[in-house]
Amino acid sequence: MSVNRNVHGWPFFDSINVRVNGRMMPVTIAGAGSPILFIHGFPLDRRMWDAVVSLLAQSFLCVAPDLRGFGKSREERFSFSIADLAIDCRALLRVLQINQPVAVCGLSMGGYIAMEFVDRFTPDVVAVVLANTKAELDTEAARNARFASANGALRTGSPSVTLSMRERLVAPETLSNRPGTMTQLDTMLTETPASTIAWAQLAMLARVDFTSKISNWNVPALCVAGNRDVIVPTDTMSRMSNAIPGGKLDVISDAGHLTPMEQPEAFANAVREFLFAR
Ligand code: MLT
Numbered sequence: 339m340s341v342n343r344n345v346h347g348w349p350f351f352d353s354i355n356v357r358v359n360g361r362m363m364p365v366t367i368a369g370a371g372s373p374i375l376f377i378h379g380f381p382l383d384r385r386m387w388d389a390v391v392s393l394l395a396q397s398f399l400c401v402a403p404d405l406r407g408f409g410k411s412r413e414e415r416f417s418f419s420i421a422d423l424a425i426d427c428r429a430l431l432r433v434l435q436i437n438q439p440v441a442v443c444g445l446s447m448g449g450y451i452a453m454e455f456v457d458r459f460t461p462d463v464v465a466v467v468l469a470n471t472k473a474e475l476d477t478e479a480a481r482n483a484r485f486a487s488a489n490g491a492l493r494t495g496s497p498s499v500t501l502s503m504r505e506r507l508v509a510p511e512t513l514s515n516r517p518g519t520m521t522q523l524d525t526m527l528t529e530t531p532a533s534t535i536a537w538a539q540l541a542m543l544a545r546v547d548f549t550s551k552i553s554n555w556n557v558p559a560l561c562v563a564g565n566r567d568v569i570v571p572t573d574t575m576s577r578m579s580n581a582i583p584g585g586k587l588d589v590i591s592d593a594g595h596l597t598p599m600e601q602p603e604a605f606a607n608a609v610r611e612f613l614f615a616r
């Protein structure tokens, strides 16, 4: 394990590289306490969790990896599935010797992976937080848009495809009032390699339909929505929380699709209260 220290203060905030099943997985590890696994969205990386991790590290052990091909992980040459990404996350926890059940928190694509994780590794999960995501499959139009995005990324290079998404990802309030958040977002959008965009779009196209599976879950679940999310609207999140037995819903104000980046304090409070109350 090679260690690249990046200390932000209380209690600690490290960035390390972990070898998982033959591939190097960069991961942020911070804090101490019951573990939370944070799974990033598309086409972002673990930095989208930085603000929330800084807040929650006071009470929890926070683990936030870069998935295959994203962030500081090596560009991916081969296709992967959403299940592969869930299996990577489980293997990461084992390599880190986190053997107790964890809370799994995923945003959007990370939510699809979190659902896979709950489904495959149920005994390893104490609770799940599903942010700005959905259980159902894509519409025909959304499927076509994924093919177009994968093609466009490979043909033109990633920034033009991903940067064109930026205004749909956030609330108007974030766009005008949070320049630091927008800069961080633009950095991630620009740095994601074209091949990763293409493989991830194909993985999301082929994901499993969780609409009936979630109604059989027996795990505490919190669904977090942004009141300005145009990608996964609040009523979709509300339907999902109603379908999960005992599921809870938290709608965050002045936030679009990226609730943890746009309103980190509200997001961290929602997760903390949910996990302490269970
Ligand atoms: C994400 O934010 O991860 C994406 O919106 C997921 C998707 O394209 O379905």
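For reference, each letter of the sequence shown is one residue, going 339 to 616 in our numbering.
All C-beta atoms in this analysis are idealised placements derived from N, C-alpha and C, irrespective of residue type, glycine included.
Taking a cut-off of 8 Å on C-beta distances, the segment 561-576 touches the segment 463-479, as three or more cross pairs fall below it. Using a 10 angstroms sphere on the CB of Glu454, the tally of other CB atoms reaches 16 or more, which defines it as buried. Note: Met362 is bridge-paired with Arg357 in the DSSP secondary-structure output. For Phe376, the three-state secondary structure derived from DSSP is strand. According to the DSSP assignment, Ile420 belongs to the alpha helix (DSSP H) that extends over Ile420 to Val433. By the neighbour-count criterion, in which 16 or more other beta carbons inside 10 Å mark a residue as buried, Ala483 falls on the exposed side. In the three-state scheme derived from DSSP, where H, G and I count as helix and E and B as strand, Pro403 is classed as strand. Considered as a whole, the segment 481-554 harbours 496-501, 504-507, 510-515, 517-529 and 532-543 as its complete alpha helix (DSSP H) runs of no fewer than 4 residues, in chain order. Going by C-alpha positions, Gln438 is about 36 Å away from Thr528. In this structure, the CA atom of Asp476 is about 24 Å from the CA atom of Asp588. Comparing alpha carbon positions, the residue from Met599, Ala465, Ser553 and Ala532 closest to Ser417 is Ala532. Note on geometry: alpha-carbon atoms of Ser579 and Pro558 lie some 11 Å from one another.
In the DSSP assignment, Asp457 falls within the unbroken alpha helix (DSSP H) covering Met447 to Arg458.
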